[in-house]
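> What follows is a structure written as structure tokens; I'll ask about it next.
Protein chains: 2
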Amino acid sequence: MTGEKVETTTDRRQRLSPGERERLIVEGAITFFAEAGFSGHTRELAQRLGVTQPLLYRYFPTKQLLIERVYEELFVGRWKPEWGTLITDRSLPLRERLIEFYTAYANDALTYEWIRIYMFAALAGEDLNRRYIDLLEGQLLAPLCAEIRAAAGAPTMAESPLTTRELESAWHIHATVYYYFVRKFIYESKVEANFEAFIADVVDRTLDGALSAGLQPDGAS
Amino acid sequence: MTGEKVETTTDRRQRLSPGERERLIVEGAITFFAEAGFSGHTRELAQRLGVTQPLLYRYFPTKQLLIERVYEELFVGRWKPEWGTLITDRSLPLRERLIEFYTAYANDALTYEWIRIYMFAALAGEDLNRRYIDLLEGQLLAPLCAEIRAAAGAPTMAESPLTTRELESAWHIHATVYYYFVRKFIYESKVEANFEAFIADVVDRTLDGALSAGLQPDGAS
DNA sequence: GCGCTAGTTTATCGATCGATAAATAAGCGG
DNA sequence: CCGCTTATTTATCGATCGATAAACTAGCGC
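Protein chains in written order, with the numbering used here: chain A, 19 to 239; chain B, 19 to 239.
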């Protein structure tokens, strides 16, 4: 037992093309930083990758540049434009549009790695999150408010501008879905196992609440 | 300019009673760790307190013990039993109870320090959050479900047991309020400035949605 | 005022981290 | 099969962290 080498997979050193190795490092870094946070050590990352720590520095001159690459890989271009068009596609009932969107969004965006690294970045003071929220409000929440108005027969945005309180009503549904995954992946707490049923319930309650009484475009108290 | 001492407040060393000093350290640690996270360095904490770093180790033998003291200070006994009785007090309309509760809860619990340290602890893998969620579901969310059932004329919990899907409907409101403060204190993003109006809107949408269609105690699809 | 207690500081250790330089060897071209 | 390129490893540095030991001094009691 003592003095023996660990030899997890192959002890032999393996030469990969720079492209392959870089991809392995980036993907390993995403998984590793999602678990350990950005205060995770480069030596542990290297160990999980089965390489030595200085090798990382051949591909990424500093740890910070590797982190920024992780940001880029996870967040840049992750928003699919068709999601925006799906929300405004009035050939489908709004209920079906919302269920379809959040099912796709949960699968593609709200993953273990995404949720945790997003939160780590926010706590570290990155402006990444604010930029993402701007994107979300512009591409999803504001259009959603317009669709709810249309469904309720309320004035259009041109007739009555979007208020911050109305925007919060769109956050009402988005926050609930998002927090479902925070509880699942960050708190690692038990959540409703049937996500399909969960999202349908959330959409139904949201639409019923928003259409029956919650709509106050002029911000009247 | 060069070579001079910084001398922020008083350069003179000040002797405090152990009780006072300990309280200052704990309060300073809460503020500091809320900003920097638990990977924040003891030297920077000491500098903010205006003392030297080894002094911390006279009051807390290890950094970890100081962190656990911060947990204790922030989370243990923070839940007020009267919040649970407020929710079930049927002499008030459920709408008023919810608004009153979340106003008090936001003031007392959902502070900058609480939200951020709660999230840091969760990402670090502490079981603190799961225990808090158990408390929340037992003392707040499950009773709230019972109140919504009563308001809708649905069967009692004794007649039809609480389902996980129904519990998610209570998370619907709680997640929205919680995420409002996540956006405010963690993302440091712009949120609706009028919290009073925000919470009233959330409660109204939630009750309308839950009472009109969202109530399915038997979990029927 | 004087001395002792103990709160506080100075000095420093060992471990560990990010990062660098030099040695090693895998694997393709000839 | 041999030699060169370069991907990878070994060895190590300087900085910094948590933590410890010893020196210092503020301030209460007599």
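By construction, the Cβ of each residue, glycine as well, lies at the ideal position given by its N, Cα and C atoms. Small disclaimer: the values here were computed from a predicted structure and weren't measured.
Give the residues from the region 164-187 of chain A that approach chain B closer than 7 Å (Cβ to any Cβ), ordered along the chain.
Answer in chain order: T182, R183, E186, S187.
> Could you name each continuous beta strand (DSSP E) segment of 3 residues or more that falls completely within the region 156-184 of chain A, going from the start of the chain to the end?
The region 156-184 of chain A contains no whole beta strand (DSSP E) run of 3 or more residues.
> Applying the 10 Å Cβ sphere with the 16-neighbour rule, what's the burial state of B/E240?
For chain B, the structure presents residues 19 to 239; residue 240 of chain B sits outside this window and is missing.
> So the candidates are A/E210, A/F203, A/E155; which of them puts its Cα closest to the Cα of A/A188?
Selected option, being the one with the closest Cα: A/E155.
> Can you list, in chain order, the residues of its chain with a C-beta nearer than 8 Å to that of B/I48? Leave out the 5 residues immediately preceding and following it.
Closer than 8 Å at Cβ, skipping near neighbours: V88, E91, L92, E131, I135.
> Identify, in the order they occur along the chain, each residue of the same chain with its Cβ nearer than 8 Å to the Cβ of B/Y221, setting aside the five sequence neighbours on each side.
Reading the sequence as shown, one finds Val at residue 221 of chain B and not Tyr. Once the five neighbours on either side are set aside, the close Cβ partners of B/V221 are R113, L116, I117, Y120, I191.
> Can you find a C-beta in chain A that's less than 7 Å from the C-beta of B/T194?
Cβ-Cβ to chain A under 7 Å: yes for B/T194.
> Against B/F138, what residues of chain A qualify as contacts under a CB-to-CB distance less than 8 Å, listed in chain order?
Within chain A, the residues near B/F138 are L141.
> At 8 Å on the CB atoms, spell out the chain B contacts of A/E210, in chain order.
By Cβ distance, chain B contributes T182, R183, L185, E186.
> Just curious, the alpha helix (DSSP H) that A/G205 is in, first and last residue?
Gly is not the amino acid found at residue 205 of chain A; the sequence shown has Tyr there. Neither: A/Y205 is in no alpha helix (DSSP H) and is coded neither H nor E.
> Exposed or buried, B/E254, counting other C-beta atoms within 10 Å across all chains shown (16 or more means buried)?
Given a span of 19 to 239 for chain B in the structure shown, any question on residue 254 of chain B remains unanswerable.
> 7 Å is my cut-off, CB to CB: does A/I85 come that close to chain B?
Not closer than 7 Å to any Cβ of chain B, the Cβ of A/I85 fails to qualify, so no.
> Beta-carbon within less than 7 Å of B/Y4's beta-carbon, same chain only, minus the 5 sequence neighbours each way: which residues are those?
The structure shown does not extend to residue 4 of chain B, since chain B is modelled only from 19 through 239, so no value can be given for it.
> Leaving out the 5 sequence neighbours to the left and right, which residues in its chain are closer than 7 Å to B/W97 when beta-carbon positions are compared?
Taken in chain order, the residues that qualify are L153, Q157.
> Between B/I151 and chain A, is there a C-beta pair that is closer than 7 Å?
With 7 Å as the cut-off, B/I151 counts as an interface residue toward chain A.
> How about the region 197-211 of chain B and the region 162-178 of chain A: do they share at least three Cβ pairs that are nearer than 8 Å?
Contact fails: fewer than three Cβ-Cβ distances are below 8 Å.
> Rounded to the nearest angstrom, what separates A/A170 and A/A140 at their Cα positions?
Roughly 36 Å separates the two Cα atoms.
> How would you write the range of the alpha helix (DSSP H) that A/P79 sits in, first residue to last?
That residue, A/P79, is in no alpha helix (DSSP H); it is neither H nor E in DSSP.
> So which residues of chain A does B/R148 contact, with C-beta pairs closer than 8 Å?
Simply Y205, E206, S207.
> Span of the alpha helix (DSSP H) holding A/D152?
Looking at the DSSP string, the run of the alpha helix (DSSP H) that includes A/D152 is 146-154.
> Specify the secondary structure class of B/H59 as computed by DSSP and reduced to three states.
DSSP places B/H59 in coil when its eight states are reduced to three.
> Are the C-beta atoms of B/F216 and some chain A residue less than 7 Å apart?
Judged by the 7 Å Cβ criterion, B/F216 is in contact with chain A.
> Within the 7 Å Cβ cut-off, does B/Y130 reach chain A?
Chain A, which has no Cβ nearer than 7 Å to the Cβ of B/Y130, makes this no.
> Using a Cβ cut-off of 7 Å (strictly closer), state whether A/G156 contacts chain B.
False, the Cβ-Cβ gap to chain B never drops below 7 Å.
> What do you reckon, are the CB atoms on B/F50 and B/L34 nearer than 7 Å?
Cβ distance not < 7 Å, so B/F50 and B/L34 don't count as in contact.
> Would you say B/P161 and B/T106 are within 7 Å of each other, going by their C-beta atoms?
Cβ atoms of B/P161 and B/T106: closer than 7 Å.
> Please identify the residue among A/C163, A/P79, A/Y150 whose C-alpha is closest to the C-alpha of A/G95.
The candidate whose alpha carbon is nearest that of A/G95 is A/Y150.
> If the criterion is Cβ atoms closer than 7 Å, does the pair B/F138 and B/F56 meet it?
A contact, by the Cβ cut-off of 7 Å.
> Measuring CA to CA, which of A/A211, A/L180, A/C163 is closest to A/L225?
If we check each option's Cα against that of A/L225, A/C163 comes out closest.
> If A/E210 and B/T182 are in contact, beta carbons under 8 Å, what's the gap, nearest whole angstrom?
About 5 Å; that satisfies the 8 Å criterion.
> State the CB to CB distance for the pair A/G227 and B/R223, rounded to an integer number of angstroms; the pair is presumed to be in contact (CB under 8 Å).
At roughly 3 Å, the Cβ-Cβ gap stays under 8 Å, so A/G227 and B/R223 are in contact.
> Cα-Cα, which of A/W101, A/Q65, A/A168, A/I85 is closest to A/L146?
When each option's Cα is compared against that of A/L146, the closest is A/I85.
> Count the other C-beta atoms from every protein chain shown that fall within 10 angstroms of the C-beta of B/R31, then say buried if there are 16 or more, exposed otherwise.
The residue is exposed, with fewer than 16 neighbouring Cβ atoms inside 10 Å.
> Just the C-alpha distance for B/P179 and B/K208, rounded to the nearest angstrom, thanks.
Using only the alpha carbons, I get a separation of about 40 Å.
> Assuming contact is defined by CB atoms lying nearer than 7 Å, are B/Y197 and A/Y205 in contact in what I supplied?
No, the Cβ-Cβ distance between B/Y197 and A/Y205 is not below 7 Å.
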